[in-house]
């Protein structure tokens with residue numbers, strides 16, 4: 001997988017001056033563009049779009065400084081529809097306008113990426129692959145800002161907004177594992193891996209029932225295959241470490257790719273915060289050979 005990821009980066013590098021064909025990236029990697037974008041973001045900490053933009057602006061810096069290229073020529077070479085749009089993007093990225101590049105002694109560069117897999121020690125991470133029939137997530141959802149570290153106050157407020165009566169009602173719908181409260185995240189903005197934008201977060205239960213769920217939100221999930229990762233240890237550290245290992249180790253080297261579906265997680269008994277069981281679910285499919 002890492003070999004094909006790096007080959008895709010070589011393709012992007014060769015086409016920074018023209019249109020980058022997503023179908024060609026799919027052909028190179030043998031995965032969907034959705035999976036490639038997610039893996040890229042997991043590994044690099046930025047979106048694919050931001051990476052391409054930064055590489056183009058970095059190359060434009062070189063052209064402006066060393067090739068005698070005009071601002072107008074650079075703008076159109078790197079796909080901008082107007083000089084103003086290019087100038088704004090360039091200044092936002094580098095801190096100076098493109099017309100100042102030749103006179104500046106302090107310029108910004110953004111080198112080409114390459115991926116390497118490093119397997120480190122740490123937590124034990126067990127996983128299983130399970131096929132599940134279609135089900136629903138029923139609960140309350142809210143559009144919340146994306147936040148990787150610390151407590152997301154918007155999610156705290158969402159949890160507080162669910163009354164004891166509503167929790168009892170929601171619990172009555174649960175008829176499948178894990179038979180307890182789950183957190184589900186979906187509809188990520190494109191900047192999710194940069195901790196920008198927002199996502200839909202839902203607190204609720206999983207059910208196969210076909211009833212009137214009254215005032216609650218419902219997300220229908222089709223029949224899918226799931227990679228389910230379990231871990232046990234200090235909370236929330238062990239869950240955060242599990243997320244990191246999934247992104248940096250398991251996804252790049254496994255025979256599976258992500259399918260667009262909610263990410264589901266839950267924790268067990270919190271009475272002993274140093275020994276908490278947790279699970280993280282990703283919808284996946286086998287990579288095409």
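Numbering (full-length UniProt numbering), first residue to last: 1 to 289. Cβ atoms here follow ideal geometry from the backbone N, Cα and C, with glycine treated the same way. The structure presented is a predicted model; accordingly, all values stated were derived computationally and were not measured.
In the three-state DSSP reduction, residue 263 falls in the strand class (E or B). Distance from residue 282 to residue 206 at the Cβ level is roughly 15 Å; contact not present, criterion being Cβ atoms closer than 8 Å.
Counting only the Cα atoms, residue 62 lies some 41 Å from residue 261.
Note on residue 97: under 16 other CB atoms within 10 angstroms of its CB, so exposed under the neighbour-count rule. If the five residues before and after residue 266 are omitted, its C-beta is found closer than 8 Å to the C-beta atoms of 178, 180, 181, 182, 183, 278 and 279, all from its own chain and listed in chain order. Secondary structure note for residue 284: it is in no alpha helix (DSSP H), and the uninterrupted beta strand (DSSP E) holding it is 276-286. Looking at the backbone, the Cα of residue 170 and that of residue 138 are separated by about 7 Å. In the three-state DSSP reduction, residue 15 falls in the coil class, being neither helix nor strand. In this chain, the beta strand (DSSP E) harbouring residue 183 covers 182-186. For residue 187, the CB contacts under 7 Å within the same chain, skipping 5 residues up- and downstream, are 199 and 200 in chain order.
Residue 34: member of the alpha helix (DSSP H) spanning 33-44, first to last residue. Taken atom to atom, the span from the alpha-carbon of residue 16 to that of residue 104 is near 24 Å.
By the CB criterion at 8 Å, residue 59 and residue 185 fall outside the cutoff. Taking C-alpha positions only, residue 259 is separated from residue 74 by approximately 38 Å. Around the C-beta of residue 37, 16 or more other C-beta atoms lie within 10 Å, and the residue is accordingly described as buried.
Cβ neighbours of residue 7 within its own chain (closer than 6 Å, five residues either side excluded): 28.
Under DSSP, residue 212 shares a beta bridge with no residue. As DSSP reads the structure, residue 207 sits in a beta bridge with 136. By the neighbour-count criterion, in which a residue is buried when 16 or more other Cβ atoms sit within 10 angstroms of its Cβ, residue 273 is exposed. Note on residue 5: 16 or more other CB atoms within 10 angstroms of its CB, so buried under the neighbour-count rule. Under DSSP, residue 225 takes part in a beta bridge, and its partners are 131 and 284.
Using a C-beta cut-off of 8 Å, the stretch 39-50 makes no contact with the stretch 63-82, since fewer than three inter-stretch Cβ pairs fall below that distance. The beta carbon of residue 176 is closer than 7 Å to those of 135, 206, 207 and 208 in its chain, skipping five residues each way along the sequence. A Cβ-Cβ distance of about 4 Å is found for the pair residue 235 and residue 276, placing them in contact under the 8 Å criterion. Close CB contacts of residue 25 within its chain, under the 7 Å cut and outside five residues either way in sequence, are with 8, 11, 33 and 36 (chain order). By the criterion of a C-beta distance shorter than 8 Å, residue 270 is surrounded in its chain by 235 and 276, once the five residues flanking it on both sides are discounted. Within the same chain, and ignoring the five residues on either side of residue 145 in sequence, the residues whose Cβ sits closer than 8 Å to its Cβ are 152, 154, 197 and 198.
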